[in-house]
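Chemist: Residue numbers 1 to 107, in my numbering, belong to the letters of the sequence shown in order. The C-beta atom is built at its ideal place from N, Cα and C for all residues, glycine as well.
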Amino acid sequence: MNELYAQLGEAGAEDVVCRAIEELAVRLSHCERLWRQADLPNLRKSARSLVAIADQIGMSAMAGIARDVTQAIDTEDQPAIAATLFRLLRVGERSLTAVWEQQDLSV
Numbered sequence: 001m002n003e004l005y006a007q008l009g010e011a012g013a014e015d016v017v018c019r020a021i022e023e024l025a026v027r028l029s030h031c032e033r034l035w036r037q038a039d040l041p042n043l044r045k046s047a048r049s050l051v052a053i054a055d056q057i058g059m060s061a062m063a064g065i066a067r068d069v070t071q072a073i074d075t076e077d078q079p080a081i082a083a084t085l086f087r088l089l090r091v092g093e094r095s096l097t098a099v100w101e102q103q104d105l106s107v
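1) To the nearest angstrom, how far is it from the Cα of alanine 20 to the Cα of isoleucine 57?
2) Within 10 angstroms of the Cβ of leucine 26, are there 16 or more other Cβ atoms? Answer buried if so, exposed if not.
3) Tell me, to the nearest whole angstrom, how far the beta carbon of isoleucine 65 is from that of leucine 88; I am working on the premise that it is less than 8 Å.
4) If you compare alpha carbons, which of Glu93, Asp77 and Arg33 is closest to methionine 62?
5) What separation, rounded to the nearest whole angstrom, lies between the Cα atoms of valine 17 and isoleucine 73?
6) What alpha helix (DSSP H) runs, 4 residues minimum, are completely inside the stretch 24 to 99?
Now the structure itself:
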C-alpha cells in the first residue's frame, strides 16, 4: 500500500484502496455463494479475480490463498478446495477488517 500512496498520492491511493476493498468483499461473498452452488468454473474465475485485486493493493497473503483455491480447483481436489476456500474467507475477512480500521472506513 505504501507504493500506491507514493505513486498516486494520498487521495488517489485512498480511492483505489476503498474501491478495491469493496470489490474484494463482494467477490469473497460471491466465492462462498458459488461454492455452495457447486459452481467450480465460476468459483475459479472469481478466485482468480481476487488474486489480481489483492495483489494490486499489496494483500499478498490473500492473493496467495486465492491462487491456492484456483490450483485446488484445477486439480479437482474437493477437500483442498473446501479447506483453501474457507481459509481464504477467514483471512479475507480479517484483512478487510484491518484495512477498514486502518483507513478508518465504515463497514
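Modeler: By the coordinates alone:
1) Cα to Cα, alanine 20 sits roughly 7 Å from isoleucine 57.
2) Before going on, a small fix: residue 26 reads as valine here, not leucine. Classified as exposed, valine 26 has fewer than 16 neighbouring CB atoms from the shown chains inside 10 Å of its CB.
3) So it is a contact: roughly 4 Å between Cβ atoms.
4) Ranking Glu93, Asp77 and Arg33 by Cα distance to methionine 62 puts Glu93 first.
5) Between the alpha carbons of valine 17 and isoleucine 73 lies a gap of roughly 28 Å.
6) Here the runs fully enclosed are 40 to 56 and 60 to 74.
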